[in-house]
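Convert by adding 165 to the 1-based position in the sequence shown; the result is the number in our numbering.
From the three backbone atoms N, C-alpha and C, an ideal C-beta is built for every residue, glycine too.
Read the structure below first, then the notes.
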Amino acid sequence: MKRTSLYLIIFAVAAAGAGAGSWLANRTPTGAQETKPAPATATATATSTQDASAIATELRAMLDAYRKIIVLTHDEATLPAAERAQANRIGQQLFHENQERIGRVETALTTLIASNNPRRFDAISTLLDYIESGDGLYDADRLAFRETLRSLQAQIASDSSLAAIKLHKRISEDLDALAEIERNYEKEIRAIFGRYDTRAIELKREKWDSYIAYLKKLYTRERILKEYGVVLPYPAAPEPEPAAPEPGAPPQAGREGAEIFGKSLPKKTVLLTFDDGPHRRYSEEIAAILKQYNAPAIFFNVGRNLGALDAQGAAKLSANAQVSRKLKDAGYVLANHSLTHAQLSKQTGAKLKSEILDTDTLLKAVDPQRSSLFRFPYGARNREGMQLLADAQLTSMMWNIDSLDWADPVPSSIADRVLRSVEKEGRGIILFHDIHERTVKALPMILERLAAEGYQFAGWDGAKFQVDSKAAPAPAPRAAATGYANSWAILVGIDNYPKWPRLEYAVRDAEGVERLLVQKFGFAQERVITLKNEQATRQGILAAFHDRLAHGGLQPNDRVFVFFAGHGATRKLSSGRDLGYIVPFDADPNNLATDAIPMTEIQNIAESLPAKHALFVMDACYSGLGLTRGAANASFLRDNARRLGRQMLTAGGTDQLVADGGPNGHSVFTWTLMQGLGGKGDLNGDGLITATELAAYVAPAVSSVSQQTPAFGSLPGSEGGDFVFELPEETEFLTAGTAQLSNDAIALNTRLDAQASKATGTVVVKDLQGGETRLKAPAAVPVSSRQQAQRANDLGLQLYREKQYAQAEAQFTEALKLRPDFALAANNLGFVFYKQDRFVEAARWFENTVKIDPSRAIAYRNLGDAYVRSKQPQKARAAFTTYLELAPTGAGATYAKEQLQKL
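This is how it looks when you write it as structure tokens:
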């Protein structure tokens, strides 16, 4: 079958718009009808396949970046200023990464074409197959490869073999088709320029919009920014306008005077500037267009495009430098755009100095009278960079009108954007790039319209325009406190009953609760009484209440937490009423009334305690205790501090068995209790967990995964007070050593959380008499945005430990939106990326962390690991070295030294 010309199917493209895969799908390899050449050797075939595979990988990465740039800059005029600036900055970073990718592809193609591999043209044909008919490619996608195809066409042209001639023809057809697709998009918006005559028509680009809609299914602007280390904070309250400067005061940074933005240009006057050249083809084409309109311009050159410095610091110019000489001879101004187009706001010392001064040396070799203008790549500068400019007698020139020609592949769209921006601004400096064919195509449309509208084109005479005829805030105090003086606990766990069935997990349950109270909630160890197995006799348990608490100095503003894990029993009294018991170590089943501890006695103990609040949590099943409930109100903390609280939460009712076999050696009830106290019980998100909230989380969750029906209520003597846990602020920086839950724990938590997610404002749970009680969490205590950020970070840590990485990422992102200078959340977001093998994104967030908090040693260790995994050994060495300087005897010092030895 004869290979169908790509150009001949363009009518199908025009009809189908940007439909996926609408390019030729049945293209056969070049020369399919010709006599096949002699079989290539296996080695040649393998080599060409490897070369094509490596280049194809780069092409796919080029397309990915191209798509992200479009998503970032789509509707950029409608974005808030801060978001627009960040989207443009990251978009430009993506663009320049893509330029380096294009350079690598061109080098690889040059090497492949120059080789004697007999399968080299087959390999190139395979790459063209992808560009022409790759699965999932939209027509607009293929515009990403236009410059690569032009370069390939030029290289193939030097080969006179029949295979090369056929390949050259195929590439020419592809370029013609790309031009037609570009024209199709332009037809959709061509009438846009009629807005200067008729402004009531609103043009729609339906084909392009369908492509944008597709891209937005693949990417979001927020997601792309986050991958590049940016989370936009929530909008702050408007700041008051700054006071006018005193007469004679130096100009403020970022305003005309300190830097040049073009605001001082006369009305209806623009200055044209072109960055990133010189380009071997497009720079001179742009100059020719400018000459037609008698328009001056400034060309900001990247130093490495001009040449390099030798060991003695002397300039060695490349062939590209001749392009700049021609521009200078034609009357255009040459200026400095750094050596490598690095983001100079992140550079310091010798590296920053080299970026500025080495390019200045190269420019002087091209033009001894080079201008004193400098433009920071991406507009990103720091104080040190500005000082270096001043020392070198250079001046920063910025811009106020961005063509976005680096992002938008459609020339007429670029022209429309510039014309709209000029109309809005009225004057200014326009940013273009002289390395794109689309800029060459857009420029005549722009200049033609500006000239027709009476705009003037400014130049630069060497000194002026010429126109012819961040300390982090201190932690904020909490908005509310629980008001307890001291915290006490009595914890009982019994496994080895001599006369009752042995248990497996009760002791571990008591020990786990003890660790939680001491390590998380700050209970003093000396005020935590733990009784295990033979210590937990009837006498021992009662003595803990009557003697040890009383003699320990229990006070009216204290709280008491009681936990019992063991057997429970229910005895039916002669009146027919049920009475519940907790079973001590030494109880005889035949003497329950005398050996066990009845609930009536627990009630008496609770009522006699001089503490403000007491909470009894019984991981045992029994029945026989009447419960009452008090309602909550909005002034919860104030009122709660005045009311006594005596509450109880039990694991289940009569004839129910406690479900052992939970994760990490705990019963299901205690595991759920610990998850609630870990933060999941904070149902209203205010950083406080009340006993009511805890029960509202635990009871339905346990019922959903076991045959138990936990019960909750207030004991006699309670005045409606609610026991309160105040969640501490997590301070853990995630590292490789951070523990995560086991798979069975994660599985159970998933089931528990599924039930918790169904909860509404009111939760119905059982009381111990088999009835129902309705629980409603108190109104949330107001907290600051800083506290909200901390809460989001803490929730992110919980989710990370459960390996819910997407949800953890969302919480750390929320924390950074609320508090952009939150180093802890920045590190933790980076580690979530690291854990998912996204090492480049992780490194960006660890870089943000040390920028926010340069003394945070652990972040440098994380950064070193990310650099190692992203194959940046020099940066990894620097990060590990800094870690050792900050923490020479730290826990990770040995590891850091080992990594340095490997590097």
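Three-way DSSP call (helix, strand, coil) for residue i in this model
i: N565; result: coil
i: Q812; result: strand
i: G478; result: coil
i: I463; result: strand
i: E406; result: Because the pLDDT of E406 is 42, which lies under 50, any placement of that residue in the model is unreliable, and the question is left without a value.
i: D440; result: strand
i: N722; result: coil
i: N908; result: helix
i: E371; result: For E371, the predicted structure reports a pLDDT of 49, less than 50, and the residue's modelled location is therefore unreliable. The matter cannot be settled from this model.
i: N849; result: coil
i: K432; result: coil
i: F781; result: strand
i: T903; result: coil
i: T1014; result: helix
i: N798; result: Confidence at N798 is low in this model, with a pLDDT of 42, below 50, so its placement is unreliable and the value that follows should be read with caution. Here N798 sits in coil by DSSP.
i: G817; result: strand
i: K697; result: strand
i: P881; result: coil
i: P763; result: strand
i: I659; result: coil
i: G472; result: strand
i: A876; result: strand
i: F728; result: strand
i: E895; result: coil
i: P754; result: helix
i: W836; result: helix
i: P400; result: coil
i: R446; result: coil
i: W188; result: Interpretation of W188 is limited by its pLDDT of 38, a score under 50 that renders its predicted location unreliable; the figure taken from the coordinates is listed afterwards. Looking at W188 - three-state DSSP - the assignment turns out to be coil, as it is neither helix nor strand.
i: G394; result: coil
i: N349; result: helix
i: N263; result: helix
i: N829; result: helix
i: M1056; result: For the record, residue 1056 in the displayed sequence is Ala; it is not Met. Here A1056 sits in coil by DSSP.
Bridge partners - residue i, DSSP secondary structure assignment
i: K737; result: D743
i: R939; result: V929
i: F539; result: N501 and S561
i: V889; result: T855
CB of residue i within 8 Å of CB of residue j, strictly
i: L983; j: A957; result: yes
i: G658; j: A752; result: no
i: V727; j: V782; result: yes
i: A785; j: L757; result: no
i: P542; j: Q508; result: yes
i: I1023; j: T903; result: no
i: D723; j: N698; result: no
i: W625; j: H598; result: no
i: P283; j: I454; result: no
i: A771; j: G882; result: yes
i: R307; j: L340; result: no
i: F630; j: R540; result: no
i: L656; j: Q768; result: no
i: A1031; j: L1049; result: no
i: A273; j: D324; result: no
i: F998; j: E1006; result: yes
Nearest-angstrom Cβ-Cβ length linking residue i and residue j, presumed shorter than 8 Å
i: E602; j: R311; result: 7 Å
i: M839; j: G677; result: 6 Å
i: L538; j: N501; result: 7 Å
i: V467; j: S503; result: 7 Å
i: L892; j: W836; result: So it is not a contact: roughly 19 Å between Cβ atoms.
i: V435; j: V587; result: 6 Å
i: T857; j: L917; result: Contact flag wrong, Cβ pair sits at about 18 Å.
i: Y458; j: L612; result: 4 Å
Any non-hydrogen atom of the ligand HEM within 7 Å of residue i CB
i: N466; result: Because no ligand of any kind appears in the structure shown, any question about the ligand HEM cannot be addressed here.
Uninterrupted alpha helix (DSSP H) stretches inside the segment 571–655 (no shorter than 4 residues): 576–590 and 602–617
Which runs of the alpha helix (DSSP H) fall wholly inside the segment 991–1052 and span at least 4 residues, in chain order? 1004–1017, 1022–1034 and 1038–1051
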